[in-house]
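Have a look at the structure below before the remarks.
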Amino acid sequence: MALYLKGKNLDIGQDNDFNVILHRKDAERIGVKEGENVLVGYGELELYATVLETLTKVQEGEIGLFEELWDEYHIPDEASIFIDIPQVSQSLEAISKKLLGQPLAKEDLENIMKDIGSRKLRETEVAFFVSTFFNPGFNEEEIYWMTKGMAESGDSMDFKNIREGEEIVADKHSIGGVAGKAITPTLIPILVSGGLIVPNTSTRAITSPAGTTDILEVVMPVALTKDKVYETVKKTGGCMFWGGSLQLSPADDVIINVERSLRIQEFQKVLVSIVAKKISMGITHILIDLPYGKGSKVENPDDVSMLDREFRKLFQKFGIKCETIRRLVKGPDGRSIGPNAEIREALRILERAENRCIELEKVILDMAGMLFEQTGKTGKGQGKKFARSILDSKQALKKFWEIAFAQGATREIHSTEIKDAGLSADMLSDRDGVVATIDNVTLVSIARVLGNPKVKAAGIRVHKMPGESVKKGEPLITIYAQTENRLENGKRMFNVDKLYRFK
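All the letters of the sequence shown, read from the start, carry residue numbers 105 to 607 under the working numbering.
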């Protein structure tokens with residue numbers, strides 16, 4: 105039984121919380137129970153949301169809309185909302201088939217991506233689909249159709265000729281798994297200053313202490329409308345925004361939300377997710393960062409070789425030119441972990457501060473050089489030198505703030521203004537030695553206990569990096585937290601032998 109109810113916009117909900125609250129009597133009248141999905145309509149808009157029941161939050165005849173829902177779709181308070189029970193999704197039959205080890209056809213995967221993107225499937229049903237990446241996995245043909253279906257599950261963008269005669273649209277993306285995300289905020293303004301069009305999308309943290317989105321929003325708005333993205337890129341040549349703010353591969357955003365709850369990712373899903381997002385963004389040239397090593401997302405060199413091969417193959421099928429950079433990592437990319445700390449580290453490099461992280465700067469220059477050469481902006485062997493000249497002249501710093509202001513930043517913030525949380529503790533070495541490796545998984549676990557990514561001022565300062573000498577009693581890391589409880593939890597989690605390996 106369909107109903108029209110009066111909307112009540114609620115100031116509750118988190119990212120990807122597409123929930124509605126019904127009075128229990130209205131839920132009974134419709135024939136729906138808590139946790140089930142309903143079809144929600146407003147004007148020409150139709151989408152799916154999860155039902156929560158109440159006797160007090162809304163009255164009979166009202167429907168409470170979580171903020172994520174009414175804000176994203178611009179639904180005014182007290183709007184007339186249509187609600188009905190959705191038809192049974194054909195995707196469930198396809199997911200069941202896959203769970204039993206049977207291959208899926210093009211139509212199956214298109215339907216699954218469409219239904220996930222529109223939120224027709226409940227989170228538990230999406231979780232079952234995510235599990236099929238681990239067992240039984242997908243063949244090459246299934247990966248292709250899934251990627252295509254994911255890319256077509258939402259909007260697409262086209263930046264070719266946004267500046268007359270510019271056909272190249274470039275980007276960089278990392279598979280992640282390494283603590284320290286200050287690469288992208290520094291790399292993008294270098295590339296844009298060098299003449300490339302770079303509309304960069306990023307995500308919030310899935311398994312790390314801070315995603316690029318979490319870091320950037322310390323100093324600039326990152327939840328942009330489609331028109332704002334086009335306006336920013338046309339004005340500045342680049343953009344750095346949260347992909348979840350637009351309907352770009354919405355199926356991927358829903359799956360990422362499930363993965364965030366489980367804190368897992370599978371290699372095939374990483375492949376599909378990244379390629380689908382770049383297709384929807386109209387990217388023509390991409391650099392994929394493939395860090396590997398003990399304690400990172402990819403530990404086995406054979407796995408990184410497989411990913412290298414599969415990224416190139418899949419991007420080629422969609423007409424995108426792909427280069428990869430394989431990096432053996434022995435610890436975090438930089439010395440700062442946590443949103444505030446990582447954007448401060450990026451700004452130090454752009455500002456050419458004396459206390460900037462040279463290890464991180466080298467990685468950034470390598471990547472910028474590769475993209476300049478890949479896109480023909482420089483000759484072979486000249487890209488890194490060109491990138492360094494942009495950094496040293498502070499063109500990249502100027503471009504960073506030009507992009508930030510175009511996205512809605514209100515003032516320029518110097519790295520010295522960005523502070524850590526008020527409580528801190530030095531974690532000391534119990535021996536002399538030379539650092540061989542730092543375990544990224546353990547470092548991430550400590551940062552999360554301290555409050556990352558939600559508590560932006562929390563985090564870690566790494567004093568001793570791989571290759572550096574340490575004496576007994578010297579600090580290896582300093583941890584920062586906003587509460588005594590979180591600080592004590594961080595102290596308890598610190599274990600020299602789990603975090604560090606010495607030569």
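C-beta: ideal position from N, C-alpha, C; glycine also.
Keep in mind that this is a model prediction, so the values were computed, not measured.
What does residue i pair with, by DSSP beta-bridge criteria?
{"i": "glycine 342", "result": "Val302"}
{"i": "threonine 154", "result": "Asn123, Asn141"}
{"i": "phenylalanine 606", "result": "Val539"}
{"i": "phenylalanine 186", "result": "Tyr108, Gly145"}
{"i": "glutamate 427", "result": "Leu391"}
{"i": "valine 273", "result": "Ile301"}
{"i": "alanine 231", "result": "Note: alanine 231 sits in no beta bridge, so no partner."}
Hey, how far is the Cα of residue i from the Cα of residue j?
{"i": "proline 570", "j": "valine 538", "result": "8 Å"}
{"i": "arginine 223", "j": "leucine 151", "result": "7 Å"}
{"i": "leucine 255", "j": "glutamine 351", "result": "Sequence check: residue 255 is alanine here, not leucine. Their backbone Cα atoms lie some 10 Å apart in a straight line."}
{"i": "isoleucine 216", "j": "isoleucine 424", "result": "25 Å"}
{"i": "lysine 382", "j": "serine 278", "result": "12 Å"}
{"i": "methionine 597", "j": "glycine 563", "result": "14 Å"}
{"i": "lysine 576", "j": "valine 600", "result": "12 Å"}
{"i": "aspartate 514", "j": "aspartate 406", "result": "The displayed chain sequence assigns threonine, not aspartate, to residue 514. Their Cα atoms are separated by approximately 47 Å."}
{"i": "valine 379", "j": "leucine 320", "result": "22 Å"}
{"i": "methionine 250", "j": "lysine 417", "result": "15 Å"}
{"i": "isoleucine 301", "j": "glycine 280", "result": "23 Å"}
{"i": "phenylalanine 504", "j": "threonine 587", "result": "33 Å"}
{"i": "isoleucine 581", "j": "methionine 474", "result": "32 Å"}
{"i": "isoleucine 134", "j": "alanine 106", "result": "6 Å"}
{"i": "alanine 450", "j": "phenylalanine 242", "result": "38 Å"}
{"i": "valine 296", "j": "glutamine 511", "result": "15 Å"}
Give every residue of the same chain whose Cβ lies closer than 8 Å to the Cβ of residue i, excluding the five residues on either side of it in the sequence, and list them in chain order.
{"i": "methionine 471", "result": "Lys276, Ile287, Leu291, Leu391, Asp393, Ile429"}
{"i": "serine 528", "result": "Thr582, Ile583, Tyr584, Ala585, Leu591"}
Exposed or buried, which one is residue i when buried takes at least 16 other CB atoms within 10 Å?
{"i": "phenylalanine 238", "result": "exposed"}
{"i": "leucine 432", "result": "exposed"}
{"i": "serine 377", "result": "buried"}
{"i": "leucine 464", "result": "buried"}
{"i": "proline 180", "result": "exposed"}
{"i": "histidine 389", "result": "buried"}
{"i": "arginine 590", "result": "buried"}
{"i": "glycine 298", "result": "buried"}
{"i": "glutamine 206", "result": "exposed"}
{"i": "lysine 401", "result": "buried"}
{"i": "valine 467", "result": "buried"}
How close, in whole Å, do the beta carbons of residue i and residue j come, if the pair is a contact with beta carbons under 8 Å?
{"i": "glutamate 182", "j": "lysine 264", "result": "That pair is no contact at about 43 Å."}
{"i": "glutamate 427", "j": "glutamine 478", "result": "5 Å"}
{"i": "isoleucine 84", "j": "valine 142", "result": "This structure leaves residue 84 out entirely; the chain is present only between 105 and 607."}
{"i": "alanine 445", "j": "serine 519", "result": "Contact flag wrong, Cβ pair sits at about 11 Å."}
{"i": "isoleucine 441", "j": "proline 289", "result": "The pair is not a contact, with the Cβ atoms about 15 Å apart (cut-off 8 Å)."}
{"i": "alanine 500", "j": "proline 293", "result": "4 Å"}
{"i": "isoleucine 542", "j": "glycine 435", "result": "3 Å"}
{"i": "serine 349", "j": "aspartate 259", "result": "Serine 349 to aspartate 259, Cβ: 11 Å. No contact."}
Could you name the residues of the same chain whose beta carbon sits closer than 6 Å to that of residue i, not counting the 5 residues immediately before and after it, in chain order?
{"i": "glycine 386", "result": "Met261, Asp262, Phe263, Val273"}
{"i": "alanine 131", "result": "Glu157"}
{"i": "tyrosine 108", "result": "Ser184, Phe186"}
{"i": "glutamine 369", "result": "Glu363"}
For residue i, I'd like the list of residues in its chain whose CB is within less than 7 Å of its CB, leaving aside the five on either flank, ordered along the chain.
{"i": "alanine 198", "result": "Leu208, Asp212, Asn215, Ile216"}
{"i": "phenylalanine 415", "result": "Leu375, Ile392, Cys426, Thr428"}
{"i": "leucine 149", "result": "Tyr177"}
{"i": "glycine 168", "result": "Lys112, Leu114, Val124, Ile125, Lys161, Val162"}
{"i": "glutamate 171", "result": "Leu114, Asp115, Ile116, Gly117"}
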